[in-house]
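See below for the structure under consideration.
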Amino acid sequence: MNGIPNCPKCNSEYTYEDGSLFVCPECGYEWTAESENENSEDEKVIKDANGNVLSDGDSVTVIKDLKVKGSSLVVKAGTKVKNIRLTDGDHDINCKIDGIGAMQLKSEFVKKL
Ligand SMILES: [Zn+2]
Numbered sequence: 000m001n002g003i004p005n006c007p008k009c010n011s012e013y014t015y016e017d018g019s020l021f022v023c024p025e026c027g028y029e030w031t032a033e034s035e036n037e038n039s040e041d042e043k044v045i046k047d048a049n050g051n052v053l054s055d056g057d058s059v060t061v062i063k064d065l066k067v068k069g070s071s072l073v074v075k076a077g078t079k080v081k082n083i084r085l086t087d088g089d090h091d092i093n094c095k096i097d098g099i100g101a102m103q104l105k106s107e108f109v110k111k112l
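Every letter in the sequence shown is one number past the one before it in numbering that gives the first Met the number 0, and letter 60, counting from 1, is 59.
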């Protein structure tokens, strides 16, 4: 555990530490330990359609009709969703919707209440 990560650009393992920087001799990329940590943590910022930052437990409104995968149900625009949970992935919100059940939403299709 020397703590020097592989290059985030080219994945080279020949990286070295230069002061507070990490340097990749293969592609010339330089980065800091801090930003590398931010990228690898699952604390990415998830924003709604208006650019407001969403957090676990927020309530949101769906802004367009959304088909529920694998069923004929549709979540109507204007549906309120309480107590969302943010996840990592293409659909970045986990939630439960009355009458539909547990499902996943994309943050770009919701508005924070
Ligand atoms: Zn590199």
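We put the CB at the ideal spot given by N, CA and C, even for glycine.
Rounded Cβ spacing between V73 and D64 (contact assumed at less than 8 angstroms): The pair is a contact, with the Cβ atoms about 5 angstroms apart (cut-off 8 angstroms).
Which residues are close to ligand 1, meaning CB closer than 6 angstroms to any heavy atom, in chain order? That query returns the following residues: C6, K8, C9, S11, C23, E25, C26, Y28.
Would you report the Cα separation of K66 and E12, rounded to the nearest angstrom? Each residue's alpha carbon lies about 44 angstroms from the other.
How long is the line joining the alpha carbons of I45 and S106, rounded to whole angstroms? Spanning the two alpha carbons is a distance of roughly 7 angstroms.
Does the distance between the C-beta of T86 and the nearest non-hydrogen atom of ligand 2 fall short of 8 angstroms? This structure does not include ligand 2; its bound ligands are ligand 1.
Between D47 and V61, which are expected to be in contact by the criterion C-beta below 8 angstroms, what is the C-beta distance as a whole number of angstroms? That belief does not hold up - the Cβ atoms of D47 and V61 are roughly 11 angstroms apart, past 8 angstroms.
Reduced DSSP category for A101 - H, G, I as helix; E, B as strand; rest coil: In the structure shown, A101 falls within a strand segment according to DSSP collapsed to helix, strand and coil.
State the start and end residues of the unbroken beta strand (DSSP E) segment that holds D93. Sequence check: residue 93 is Asn here, not Asp. Per DSSP, the unbroken beta strand (DSSP E) holding N93 starts and ends at 92-96.
With distance defined between alpha-carbon atoms, name the residue in L112, K68, K110 nearest to I99. Comparing Cα-Cα distances from I99 to each of L112, K68, K110, the minimum goes to K68.
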